[in-house]
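Using our numbering, you'd call the opening residue of the sequence shown number 1037 and step up by one each time.
Every residue gets a Cβ at the ideal spot worked out from N, C-alpha and C, and that includes glycine.
Predicted model only: the values in this text are computed from it and were never measured.
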Amino acid sequence: MDHTTEIELLAELAGLRTARAFYLDDAVTAWPVARYTCPDRFGREMQALFRTLPAVAAHSSELAGPDAFLTRDHAGLPLLLTRDRAGAVHAFLNVCRHRGTRLVGAAKGCRRRFTCPYHAWTYDNRGALTGVTHGKAGFPGIDRAELGLRRLGCTEAHGWIWIAPGTGAAPDIDGFLGGLAADFAWLGADGLRIVHEERREWAANWKILYEGGLESYHFRIAHKDTIGPFFQDNLSSYRLFGRHIRSILPRARLDAEMALPAESRSLRRATNLVYSIFPSSQLLVQEDHIVWIQALPAAPDRTLVRMATLAPADADTGDPETARHWRKNHEITARTLAEDFAIGESIQSGLASGANADLHFGRFEGALDRFNRIVEEELAAAT
Ligand code: FES
Ligand SMILES: [Fe+2]
């Protein structure tokens, strides 16, 4: 993002604030409750969105150095991510091609070869099958080239490792980002590393959790004991970039920022940005760090959320003061998100009760309507 855009985005929000106005869409919309509860629909969303579209699978720092690997589940897909000697990243299904055992049990490490715990078939970190135990006698004529690990599309861009579960080819991430590539360069995530992370399953549909990051209508109310007082009441703007949404939520210091000469104003100092990267990741961008929130569906009413705080890679976390700073930062975000997700669970049980046939999005909740329209478009395109 260039500085002119930063100044324009700040001025837009400051103008709304001065006029005591909101960032409004044209109409109130209503969406059927069944979209959040129906198992058949959930299966179609899993296939069309989570098993097909490119997605952030890891931060580059999680796979640092030659022969690093990590394993992780991605919406039901067991992933093995590796970095080879030459530094290239690969993504495979973590499944032995003999009889389907989970090949690698460790969460992460440094290894060039992986040996299956069942009958010791062995693969290298580029996915090739290099060893078949007693293969000459037991598997004569087997084509080893056909039995390499199942490869998923994978590439590294802007400090993240992206997978494309729907294909074996490396995804074009700048194309996928729909005009957000310049923002991703501006974010500088390649200069960060994960300092804290946690995972928890929440009893809510993935869309409810995602929607919580798309409006500021609830901030002063649901977050009154945490971050609410630091933000403007019900004031935020958003833009669509392909399937993705960039939301901007001005902090209480917006006025102080606008009092500075235009060339000194900073969007990251005066606002929180949320990049909702469809469908599974949201990046909460603050002045000097980023929180990565990944919501992966497990069932219509269950979602696994991973939250990671990324701090500057050169921050000395061995220094007690610095360590305390990042721990406090992580804890306040975790508490705030827990407020959102607990409400998400309450919504899910409310929807299951049959009290409402529809959910209603007001004119300042337009980003939620846009997001759900994108979900519908993707499902329609997949059939
Ligand atoms: S299942 Fe892996 S070697 Fe048999
Ligand atoms: Fe919230």
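If you check the CB distance, Gln1318 and Val1310 come in under 8 Å. With the rule of 3 Cβ pairs closer than 8 Å, the region 1341-1358 does not count as touching the region 1112-1127.
Judged by DSSP secondary structure, Thr1358 falls within the alpha helix (DSSP H) whose first and last residues are 1356-1388. With contacts defined by Cβ atoms closer than 8 Å, Leu1049 and Ile1284 form a contacting pair.
Within the region 1047-1103, the complete alpha helix (DSSP H) segments of 4 residues or longer fall at 1075-1081, listed in chain order.
With contacts defined as CB atoms closer than 8 Å, Asp1219 and Met1343 fail to qualify as a contacting pair. Below 8 Å, enough C-beta pairs join the region 1181-1189 and the region 1154-1165 to call them touching: three or more. If you draw a straight line from the Cα of Thr1339 to the Cα of Ala1298, it is about 43 Å long. A contact is defined here as three or more CB-CB pairs under 8 Å, and the region 1226-1246 meets this definition with respect to the region 1376-1390. Secondary structure at Thr1041: helix, using DSSP grouped into helix, strand and coil.
With a cut-off of 8 Å on Cβ pairs, the region 1080-1087 is in contact with the region 1320-1334, counting three or more such pairs. Ligand 2 has no heavy atom closer than 7 Å to the beta-carbon of His1325. Excluding five sequence positions before and after Pro1090, the CB atoms of its chain that fall closer than 6 Å to its own CB belong to Trp1198, Ala1200, Pro1207, Phe1212, given in chain order. A distance below 8 Å between beta-carbons, with the five flanking residues on each side excluded, links Ile1257 to the following residues of its chain, in chain order: Gly1264. In the DSSP assignment, Lys1144 falls within the unbroken beta strand (DSSP E) covering 1144-1146. If you ignore the 5 residues before and after Glu1233, its C-beta comes within less than 6 Å of the C-beta of Ala1344, all in its own chain and listed in chain order.
A straight line joining the alpha-carbon of Ile1178 with that of His1155 spans about 16 Å. Contact between Ala1239 and Asp1337 holds: CB atoms are separated by about 6 Å, below the 8 Å threshold.
Leaving aside the five residues that flank Glu1293 on each side, the residues in its chain whose CB is nearer than 6 Å to its CB run, in chain order, Arg1301, Ala1306. Under DSSP, no beta-bridge partner is assigned to Arg1289.
Glu1401 is positioned such that its CB atom lies closer than 8 Å to that of Tyr1253.
Ala1288 is not a Cβ neighbour of Val1069, given a cutoff of 8 Å.
In its chain, beyond the 5 residues on either side, Leu1117, Thr1118, Arg1119, Asp1120, Asn1161, Arg1162, Gly1163, Arg1187, Cys1190 have a beta carbon closer than 8 Å to the beta carbon of His1126. Taking C-beta atoms under 8 Å as the contact rule, Trp1067 and Asn1365 fail to qualify, at a distance of about 34 Å. The beta-bridge partner set that DSSP reports for Phe1212 is empty. The alpha-carbon separation between Thr1137 and Cys1152 amounts to approximately 7 Å.
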